[in-house]
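Chemist: Quick one: this structure, given as C-alpha cells, is what I'll be asking you about.
In our numbering, the protein residues as written are 37 to 496.
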C-alpha cells in the first residue's frame, strides 16, 4: 500500500485524531527523516471562517514561540487536491501520552508528582504570559498535556500542546465574542468571552484537581461556582489543597493573578493558619483563624464596665445585714405590730437573687468567649465559659450560607449578619465590636466564603 505524501514532502504514517472538519496526522518529513505532526483544517460544508481565524492564529503563535516544552512550528501548507481543500500546520512531534490517557489507564499521581507537574506547567505559562503581547492558551486540560520519558519517581518531561484556542492581547480586541475552551476547565470569565492569564491558572488548577481526585471537574459538586473537592483528598497536605482552591477561585479578585505568583506560592506556601494581626484594627483583641478547612472568630470577654460595677455595689448593699430588718408599726391605739414574718425572707431571697444575677454577669464579662466557626459542613455560634459550651442558635449547614450583610444601625454603629437559610448570625453592638472590627471581619468572611458583602441601613 502506497503511503500518502503531502506537499511532496510529508509521508503520512497514521491518523492521531479526528474531529468534524479537522484531522491530526503523524507523518515523516522526507527531507529530515524526522516525525512531525500535521494538523489539517478542511474547507467543507461545515467550514466556518472563525475556525480558519483560530487555525491561522495558532500557526502564527507557534511561529513566534521558542520553548523546549512547546511543539515547534515547522511549516504551513495550503492543500489543493481534487478531493481535499484546506490548510495544514506542521509542527514537531512529541512522543508521549497525555495526562488524559494516563488517567484513563488507571494511573494515579502522588502529591510530589502533582507538585512537579504544576511546577513544570507554571514555568511554561510564565513564558507564554511574558510574551509581548501575552499569549493565553485558553484550553489547558489533561488531553493537552503530554508526558515524555517518565522514570523513577519523576513524571518526566512535560509538554503543553494544542494551541488551537490561543489568544493574545491584540486578538482580544475584536468586535465579536468568541467563547473557546473546554467545559469544566474554563474559568467563569471565559463564558463571557473574556480571557486573562488568570484564566489559564484556573484551567491548570482544575486539571490538577482531576489528578488528585480522579474525577472530571464536572463530576464534582460546586458551591457558588467553586469546585468542592477538599473532602475527597484528605490525604493531601492542607497547603496544597488551599493552593488549588486559590487557583480555581471563580472570582478574579480571589484567584491568583499571574503564573509567577502561583509558582512562588507553590514553592513558598503562605501560612494557612493565621491570626492576620497585620490586617486587624489596632487595639482589637479578636482572634481570627483561617485555614483551608475552616474560619473561626473568637471574641474575648467584654470586661467589666462602670455600669456593672455599680450594679455589683448595689447588690452587695442589698445583702448587708443592716438592710434586712423587722419593721414595727404603731396602731392608732398605741399597740405595736410586726411586719408579716415572711417579708424578711422575701427580701433576703430577692436581694440574694439580685446578687447572684450580677455575679453571673460578672463571670460572663470576665471569662465568657463568643465563637463563630464555619467549616465545610456547618456554621455554629457558641459561648464558652470556664470549660462549658452552649449554642446561641442551632448550627446551620455550610451550604445554606447565602448572604453577608453589614447593616448600619446608627452613626459609627454597625452589625455584621451572616444568613444561612432562615437563620441569621449577628455580630455587632451586643458583642461590643467597633465599626472597624465589623468591616474587617466582613472582609475576611467575604474572602473565605467567596460572597459579596451587602451594605444596608437599618431602615433599608
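Don't be surprised by glycine CBs; every beta carbon is placed ideally from N, CA and C.
Please classify residue 481: does DSSP put it in a helix, a strand, or coil?
Modeler: In this structure, residue 481 counts as helix in the three-state DSSP scheme.
Chemist: Checking 8 Å against the spacing of the C-beta atoms, do residue 97 and residue 150 come in under that value?
Modeler: Result no, Cβ atoms of residue 97 and residue 150 do not sit closer than 8 Å.
Chemist: Runs of 4 residues minimum, wholly inside the segment 51-138: which ones carry the alpha helix (DSSP H) assignment?
Modeler: DSSP runs (the alpha helix (DSSP H)) wholly in the segment 51-138: 85-100.
Chemist: Any contact between the segment 131-142 and the segment 222-237? By contact I mean 3 or more CB pairs, one from each, below 8 Å.
Modeler: Counting Cβ pairs under 8 Å, fewer than three are found: no touch.
Chemist: In three-state DSSP terms, what is residue 154?
Modeler: Helix at residue 154.
Chemist: On the DSSP bridge assignment, give the partners of residue 493 in chain order.
Modeler: DSSP lists 444 as partners of residue 493.
Chemist: Exposed or buried, which one is residue 175 when buried takes at least 16 other CB atoms within 10 Å?
Modeler: Per the 10 Å Cβ criterion, buried.
Chemist: Could you give the distance in angstroms between the alpha-carbon of residue 91 and the alpha-carbon of residue 85?
Modeler: Taking the straight line joining both Cα atoms gives about 10 Å.
Chemist: Note down, in chain order, each residue of its chain lying with its Cβ closer than 8 Å to the Cβ of residue 309, except the 5 sequence neighbours on either side.
Modeler: Summary for residue 309: the model assigns pLDDT 45, below 50, so the residue's position carries little reliability, and this model does not support an answer.
Chemist: Beta strand (DSSP E) containing residue 420: first to last residue?
Modeler: 414-421 is the extent of the beta strand (DSSP E) around residue 420.
Chemist: Quick check: the Cα distance between residue 48 and residue 292, rounded to an integer number of angstroms?
Modeler: About 43 Å.
Chemist: In whole angstroms, give me the CA-to-CA distance for residue 457 and residue 432.
Modeler: Cα to Cα, residue 457 sits roughly 8 Å from residue 432.
Chemist: Buried or exposed: where does residue 180 fall if 16 or more other Cβ atoms within 10 Å of its Cβ makes it buried?
Modeler: Flag for residue 180 reads buried.
Chemist: If you reduce the DSSP assignment to three classes, tell me which class residue 467 lands in.
Modeler: Looking at residue 467 - three-state DSSP - the assignment turns out to be helix.
Chemist: Might you give, ordered along the chain, the residues of its own chain that have their beta carbon closer than 7 Å to the beta carbon of residue 214, omitting 5 neighbours on each side?
Modeler: Unreliable placement is indicated for residue 214, whose pLDDT of 48 sits below 50; the coordinate value is still reported in the next sentence. Closer than 7 Å at Cβ, skipping near neighbours: 86 and 229.
Chemist: If you run the structure through DSSP and keep just helix, strand and coil, what is residue 325?
Modeler: Three-state DSSP puts residue 325 in a strand.
Chemist: For residue 449, which residues from the same chain have a beta carbon less than 8 Å from its beta carbon, with the 5 sequence-adjacent residues on both sides left out?
Modeler: The answer, listed in chain order, is 464, 465 and 471.
Chemist: Buried or exposed: residue 279, going by 16 or more other Cβ atoms within 10 Å of its Cβ?
Modeler: Flag for residue 279 reads buried.
Chemist: Under the rule that 16 or more other beta-carbon atoms within 10 Å means buried, what is residue 212, buried or exposed?
Modeler: Residue placement at residue 212 is poorly supported in this model, since its pLDDT is 38, which falls under 50; the coordinates are not used for a value here.
Chemist: If you follow the alpha helix (DSSP H) that residue 274 is in, where does it begin and where does it stop?
Modeler: Element bounds for residue 274: 274-283.
Chemist: With three or more C-beta pairs closer than 8 Å as the rule, is the segment 241-251 touching the segment 136-154?
Modeler: Touching, per the Cβ criterion.
Chemist: Work out the CA separation of residue 76 and residue 110 for me, nearest whole Å.
Modeler: Using only the alpha carbons, I get a separation of about 14 Å.
Chemist: Is residue 149 helix, strand or coil when you go by DSSP?
Modeler: Correct three-state label for residue 149: helix.
Chemist: In whole angstroms, what is the alpha-carbon distance linking residue 50 and residue 39?
Modeler: Using only the alpha carbons, I get a separation of about 9 Å.
Chemist: Given that a residue counts as buried once 16 or more other Cβ atoms are within 10 Å of its Cβ, and exposed if not, what is residue 261?
Modeler: Exposed, because fewer than 16 other Cβ atoms sit within 10 Å of the Cβ of residue 261.
Chemist: Examine the ligand FAD and report whether any of its heavy atoms sits within less than 7 Å of the Cβ of residue 465.
Modeler: Although the ligand FAD was asked about, the structure shown includes no ligands whatsoever.
Chemist: Using CA coordinates, which residue listed in 218, 217 and 159 is at the minimum distance from residue 196?
Modeler: When only C-alpha atoms are compared, the closest one is 159.
Chemist: Please report the straight-line C-alpha distance between residue 163 and residue 103, rounded to a whole angstrom.
Modeler: Going by the C-alpha atoms only, they are around 8 Å apart.
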